[in-house]
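Structure, rendered in structure tokens:
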């Protein structure tokens, strides 16, 4: 962890000298747009210990985040850009080739570093040399320092769906693969068409351990988080019984929601499944400082996390929190009118007080616990906060007469939230209107803590 402030007395006293880390700046609420004449999308956002914000997205042509124009190599490229807590632009870099790159992920690592994952069908270079997929496609992972310079980069023969940073400079990654996947000295072999993998990497990108989970069917698309003790949490949906280490899961029909906890060494702690004959999927997981597990997803039919049955009115959003042993602390359902599985997938994070912060996409209307929100156009973005007990704190819509899609959300150490996504038309998140220049532009908004 970087030391921001030293007690001046320590300069003259060697014995008993201590250091004090200054709190991150409170910063300002701000919003920005970036985009050209094509469609550019904000996918994910992360915040550093010092309050800086980093965004990853996709773009075509030329884009400028305030630090100078970035020009794509011909197809859809990846953009990485940073700002401080006041909204001052920092570094901006592009990665890509003449082919298409997509679905980038980003997490904050220690010392102001950032880790980016990109699913790609072609060569990708984070600055440390070109990486080539071992087959038709792969996932490139790169760690950049605070100045945007490469620390390490590696290519996996898989697709990455989730990534999280541990407090000891480690990284956990999950996704899907078929056939074989080589990670360090381990070779994983899928049991069916597509299996889930989980891997833990050290600060230099070397694999520490890897696990594979699957059945004769198709498994993919889990999210991942790490708690304060280094335990690994997985959330997703399963069509068939899968053994995560505690025996095959019981599937009641359709797709069942599944939540898995592994210890820091990858050993099984517990697996929980939820659902009925309809479809239920956990699409986002997070963990607070006490090891409690926060989650969100979509469901049809009925769900029971332990304290009573939840019934959907069609395809609804669910949010909740379990303690470190998997016992329900609170859950709530929210009606989305209507909801598509992919577009409406929630993105969540946890605030410094153990509250849940969520963003997602909705059409027509949604009530997140405060006043009902109505979409101004085809699709709008929602943003909401809940306290540690699940009580609604605030919610708002981000929208225009065009369409908006949610990307990601992150919260810094002072509780300010950063949200990214894409929009077409004119939006205003409180600091004046932003107008798109092309088919869709990237937006970034920073909201102060309530």
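Residue numbers (mature numbering (1 follows the signal peptide of the UniProt record, and there is no 0)): -22 to -1, 1 to 428. Here a beta-carbon is modelled for each residue, glycine too, at the ideal position from N, C-alpha and C.
Quiz item: What's the C-alpha gap between residue 99 and residue 155?
Solution: Here residue 99 refers to the residue found at position 121 when the chain shown is read from its first residue. Here residue 155 refers to the residue found at position 177 when the chain shown is read from its first residue. Whole-angstrom Cα-Cα distance: 14 Å.
Quiz item: Between residue 424 and residue 396, which are expected to be in contact by the criterion C-beta below 8 Å, what is the C-beta distance as a whole number of angstroms?
Solution: Against the chain shown, residue 424 aligns to sequence position 446. Against the chain shown, residue 396 aligns to sequence position 418. Indeed they touch by this definition, with Cβ atoms about 5 Å apart.
Exercise. Ignore the nearest five residues each way along the sequence and tell me which others in residue 19's own chain have a CB closer than 6 Å to its CB.
Key: Counting from one through the chain shown, the residue named residue 19 turns up at place 41. So the list reads 35, 36 and 400, once near-sequence residues are dropped.
Quiz item: Closest by CA to residue 327, which one among 422, 220, 389 and 209?
Solution: Within the chain shown, the letter at position 349 stands for residue 327. Looking only at 422, 220, 389 and 209, the smallest Cα-Cα distance to residue 327 is reached by 389.
Self-check item: Distance, residue 222 Cα to residue 213 Cα
Solution: Start at 1 with the first residue of the chain shown, and residue 213 comes out as number 235. Start at 1 with the first residue of the chain shown, and residue 222 comes out as number 244. Near 12 Å, if we compare the C-alpha coordinates of residue 222 and residue 213.
Self-check item: Euclidean distance between Cα positions of residue -2 and residue 94
Solution: Walking along the chain shown from the start, residue -2 turns up at place 21. Walking along the chain shown from the start, residue 94 turns up at place 116. Summary for residue -2: the model assigns pLDDT 48, below 50, so the residue's position carries little reliability, and this model does not support an answer.
Self-check item: Three-state secondary structure assigned by DSSP to residue -2
Solution: Walking along the chain shown from the start, residue -2 turns up at place 21. At residue -2, the pLDDT of 48 sits below 50, so the modelled position is not reliable; the number obtained from the coordinates is stated separately. When DSSP states are grouped into helix, strand and coil, residue -2 belongs to the coil group.
Practice problem: Would you mind stating whether residue 378 and residue 405 have Cβ atoms separated by less than 7 Å? | Solution: Your numbering for residue 378 matches position 400 in the chain shown. Your numbering for residue 405 matches position 427 in the chain shown. Contact flag set, yes.
Quiz item: To which residues of the same chain is residue 350 closer than 8 Å at the C-beta, ignoring the five residues directly before and after it?
Solution: Within the chain shown, numbered from 1, the residue matching residue 350 stands at position 372. Here residue 350 has 343 and 344 as same chain residues with Cβ atoms under 8 Å from its own Cβ, once five neighbours each way along the sequence are excluded.
Self-check item: Identity of the residue in 290, 219 and 268 nearest residue 228 by Cα
Solution: Numbered from its first residue, the chain shown carries residue 228 at position 250. Here the closest residue by C-alpha is 219.
Quiz item: Looking at the unbroken beta strand (DSSP E) that takes in residue 200, where does it start and where does it end?
Solution: To locate residue 200, count along the chain shown from 1; it is residue 222. Neither: residue 200 is in no beta strand (DSSP E) and is coded neither H nor E.
Practice problem: Give me the Cα-Cα distance between residue 290 and residue 347, rounded to the nearest whole angstrom. | Solution: Locating residue 290 in the chain shown gives position 312, where the first residue counts as 1. Locating residue 347 in the chain shown gives position 369, where the first residue counts as 1. Going from the Cα of residue 290 to the Cα of residue 347 covers about 16 Å.
Self-check item: Span of the beta strand (DSSP E) around residue 19
Solution: Residue numbering aside, residue 19 sits at position 41 when the chain shown is read from its first letter. Start and end: 19 to 25.
Self-check item: Assigned exposure category for residue 267 - 16 Cβ within 10 Å defines buried
Solution: Stepping through the chain shown from its first residue, residue 267 is reached at position 289. Residue 267 should be labelled exposed.
Quiz item: For residue 200, which option in 325, 247, 254 and 162 has the closest C-alpha, if you only look at C-alpha atoms?
Solution: Position 222 of the chain shown, counted from the first residue, corresponds to residue 200. Answer by Cα proximity: 325.
Practice problem: Assign residue 411 to one of three DSSP states: helix, strand, or coil. | Solution: Counting from one through the chain shown, the residue named residue 411 turns up at place 433. Residue state, collapsed to three classes: strand.
Exercise. With residue 190 as the anchor, note down where its beta strand (DSSP E) starts and where it stops.
Key: The residue labelled residue 190 in the question sits at position 212 within the chain shown. Per DSSP, residue 190 belongs to the beta strand (DSSP E) from 185 to 191.
Exercise. Would you identify the three-state DSSP class for residue 181, choosing helix, strand or coil?
Key: Residue mapping note: residue 181 aligns to position 203 of the chain shown, counting from 1. Of the three classes helix, strand and coil, the one that applies to residue 181 here is coil, per DSSP.
Quiz item: DSSP three-state call for residue 399: helix, strand or coil?
Solution: Position 421 of the chain shown, counted from the first residue, corresponds to residue 399. In the three-state reduction of the DSSP assignment, residue 399 falls in the strand class.
Self-check item: Boundaries (first-last residue) of the beta strand (DSSP E) holding residue 340
Solution: In the chain shown, the residue the question calls residue 340 occupies position 362. Boundaries of the beta strand (DSSP E) around residue 340: 334 to 340.
Quiz item: CB residue 41 to CB residue 48, shorter than 7 Å?
Solution: Residue numbering aside, residue 41 sits at position 63 when the chain shown is read from its first letter. Residue numbering aside, residue 48 sits at position 70 when the chain shown is read from its first letter. Their beta carbons are under 7 Å apart, which means residue 41 touches residue 48 by this criterion.
Quiz item: Any beta-carbon of chain C closer than 7 Å to the one on residue 242?
Solution: Annotation note: the requested chain C is absent from the structure, which comprises a single protein chain.
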